[in-house]
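Each remark here refers to the structure printed beneath this line.
Here is the structure:
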């Protein structure tokens, strides 16, 4: 089953961000959560609520390739019809420009190395956490990391970020970093 709707906000280039990070809370989606916007599975209803029109939604630029990989894998495995696959890809392309995107630059890579070493994360999870931390440093309000990956959620919480497990609904408020 395909999920479809549109997000649109104007582009504003600033300090590695694709939007102006002032004045509202932001939902940071890792790819495990982002893909639930386009494919009906456990947690999709939560993602739909979090990404309603007008909501501030962010992710790392690597989520672009990861989302296509996940959609293509579901299609090749027979879990997504050709029509639903094409529709999901089209919807993703329409939505992509509306996301606050953290670019993978040297600062994000350095932060990723640190959080990977500190929390034994996989590579892309380290990039997602480093991107969320970068965004938190540039955003006036709370950034909530939304994911289905338990190790990433624990690491984000330990780093002082608010988190939401998109599949269970378990949320943790932003804590002071140790």
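Residue numbers (our numbering): 35 to 212.
Quick reminder that beta carbons are idealized off the backbone N, C-alpha and C, glycines included.
DSSP-derived helix/strand/coil call for residue 39: Walking along the chain shown from the start, residue 39 turns up at place 5. Its pLDDT being 34, under 50, residue 39 is placed unreliably in this model, and the value from its coordinates should be taken loosely. Correct three-state label for residue 39: coil.
Cβ-Cβ distance between residue 60 and residue 177 below 7 Å: Within the chain shown, the letter at position 26 stands for residue 60. Within the chain shown, the letter at position 143 stands for residue 177. Cβ atoms of residue 60 and residue 177: closer than 7 Å.
Reduced DSSP category for residue 81 - H, G, I as helix; E, B as strand; rest coil: By 1-based counting over the chain shown, the position of residue 81 is 47. Residue 81 falls in the helix class under three-state DSSP.
Collapsed DSSP secondary structure at residue 62 in the structure displayed: Indexing the chain shown from 1 puts residue 62 at position 28. Residue 62 falls in the strand class under three-state DSSP.
At least 3 beta-carbon pairs within less than 8 Å: the segment 92 to 111 vs the segment 124 to 142: Touching, yes.
For residue 178, the three-state DSSP class (helix, strand or coil): The residue given as residue 178 occupies position 144 in the chain shown. Residue state, collapsed to three classes: strand.
Inter-residue spacing [alpha-carbon to alpha-carbon] between residue 141 and residue 165: Here residue 141 is taken as the residue at index 107 of the chain shown, counted from 1. Here residue 165 is taken as the residue at index 131 of the chain shown, counted from 1. Cα to Cα, the separation comes out at about 10 Å.
Simplified DSSP assignment, three categories, for residue 194: The sequence position of residue 194 within the chain shown is 160, counting from 1. It is coil, neither helix nor strand.
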